[in-house]
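Numbering-wise (numbering that gives the first Met the number 0), the sequence shown opens with residue 0 and increments by one. Report on one structure; see the data block that follows.
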Amino acid sequence: MSVPHLILAGRVLGQDGWISPGALIVEEGRIAFIGSPDHVGTQPAQMTDLRPLQLVPGFIDVHIHGWGGVRIESGAQARQVASDMARNGTTSFLPTLVGAPDFASLLARLEDTAAASGTTAGAEILGVHLEGPFLNPDPAVRGAQLPEYMRVPSLADLRALHDRSHGRLLYMTIAPELPGALEVIREATRLGIITGAAHSAASYEETLEALAAGLKTTVHTFNGMKPMHHRAPGLVGAALTQEGLMTEIIADGVHVAPAAVALLVRCKGVHSVILVTDSVQFAGLPDGRYERDGGRTVLKMGDRCSLDQGGALAGSVVGMYRDVLNATRFAGLDLADGVRMASANPARLLGLAHSKGTLAPGWDADVVALDDHGSVVWTMVRGLVVVDTARR
């Protein structure tokens, strides 16, 4: 049995807002108490004093491809980036795979990555997000995805993917306008796989059909989809107006203009927006040119990563805590709302709203300490401290 662990902080973000000053007690990997230090009672044997830092729920990244030179294509690589995730405040994530040159290779990558699900030396791996292969090869929406990796939606393929993942394929990006896509969305829903729309030229009406079939969200909203037109609102129009759709957004300040982030939050409300990094293997590396799949070259400059030829964005290179701070600033929100979009909302999408994404008694002790600048200085995953650069 673990010793109860008391953590003191300048303030703690609870279910009903900030508690200042605040305290947590962690026991057996879960939160046993949250409240004022005056109400702690008998002091546990283990104590960590993080005053004047602020404690928030750990971030959940449902869309990430890599970090620090590592592209996630296997379980070993997913575990390799887990410690980098924790340093960015992410306490759990879905390693995200893209398509492969052939279906057999994709199945093998999926099976190997899914097998890594569970705790690590850093962030927890919850399962797998598969961005593809049922995407639209139209150059207007495919972004940096390779068309030769894409396939027409197929129930047989979906079931093969589900079986090879041993039920750990939790999330799939799909273009709902493709032939067979609605049947795949219905079956995915039955199998417990969340479907999100992107790399898609779906019309507004086609998106509503997909929503009725079980579509849950839009993936990296505004990116990989046609711009909204006032007579053809399309996928973006559905994302902005349909209450039943949650919406991912990359708030790195590159993929989406600050005003568009604010627009999404104002249309959807903070309860329906999910912050994602969509970070790729070039995140955390120095600026320069790097080789990517298919013999292509990408250019990383500051917070921007794009294909050297054509200039299409090739994924984000910004960590989750930066997305939280950006979204808070872009949309004029309190930090608590920015944190919600990176913690409670993705937890709800994944069906984990009663165990993750919130600091409350009985929830997993996934906790992040931020300094006054919003930087991550301390991270706890299921009661285990995995990052500690705090000065105490």
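C-beta atoms are modelled at their ideal positions from N, C-alpha and C, and glycine is treated no differently.
Asked                                                                                                                                                                          : Found
Give the DSSP-derived three-state secondary structure of Val55 in the structure shown.                                                                                         : strand
Using the Cα positions of Ala245 and Gly191, report the straight-line distance between them to the nearest angstrom.                                                           : One detail in the question is off: residue 245 reads as Met in this sequence, not Ala. The straight-line gap from Cα to Cα measures roughly 17 Å.
Following the continuous beta strand (DSSP E) through Pro232, name the residue where it begins and the one where it ends.                                                      : It is not in any beta strand (DSSP E) - Pro232 carries neither H nor E in the DSSP assignment.
Taking three-plus beta-carbon pairs below 8 Å as touching, is the stretch 255-275 in contact with the stretch 43-51?                                                           : no
Can you check the stretch 197-265 for any beta strand (DSSP E) of at least 3 residues that lies completely inside it and give the ranges in chain order?                       : 245-248
Measure the Cβ-Cβ separation of Leu284 and Gly67 and say whether it is below 8 Å.                                                                                              : yes
Write down every uninterrupted run of the beta strand (DSSP E) in the stretch 143-196 whose length is 3 residues or greater and which is fully enclosed by it, in chain order. : 168-173 and 193-196
Is the stretch 136-156 in contact with the stretch 76-88, if contact means three or more CB pairs nearer than 8 Å?                                                             : no
In three-state DSSP terms, what is Asp83?                                                                                                                                      : helix
Between the alpha carbons of Val218 and Ala31, how many angstroms are there, rounded?                                                                                          : 35 Å
Does the stretch 108-116 come within contact of the stretch 73-82, defined as at least 3 CB pairs closer than 8 Å?                                                             : yes
Indicate whether Ala368 and Trp362 have their beta-carbon atoms separated by less than 8 Å.                                                                                    : no
In terms of residue numbering, what span does the alpha helix (DSSP H) encompassing Arg321 cover?                                                                              : Met319 to Phe329
Can you list, in chain order, the residues of its chain whose CB lies under 6 Å from that of Gly131, leaving out five sequence neighbours each side?                           : Val97 and Gly98
Helix, strand or coil, according to DSSP, for Lys267 in the structure here?                                                                                                    : helix
Just grab the DSSP bridge partners of His128 for me.                                                                                                                           : Thr95 and Tyr170
May I ask which residues mark the beginning and end of the alpha helix (DSSP H) holding Leu106?                                                                                : Phe102 to Ala113
Where does the unbroken alpha helix (DSSP H) through Gly373 begin, and where does it stop?                                                                                     : It is not in any alpha helix (DSSP H) - Gly373 carries neither H nor E in the DSSP assignment.
Under 8 Å by Cβ, that's how I've got Cys404 and Ala311 pegged, so tell me the actual separation to the nearest angstrom.                                                       : Since the first residue shown for the chain is 0 and the last is 391, residue 404 is missing from the structure and cannot be characterised.
Among Tyr203, Thr172 and Phe221, which one has its Cα closest to the Cα of Thr188?                                                                                             : Thr172
Do Asp277 and His38 have their C-beta atoms closer together than 8 Å?                                                                                                          : no
Would you give the residue range spanned by the beta strand (DSSP E) that Asp387 belongs to?                                                                                   : Leu383 to Asp387
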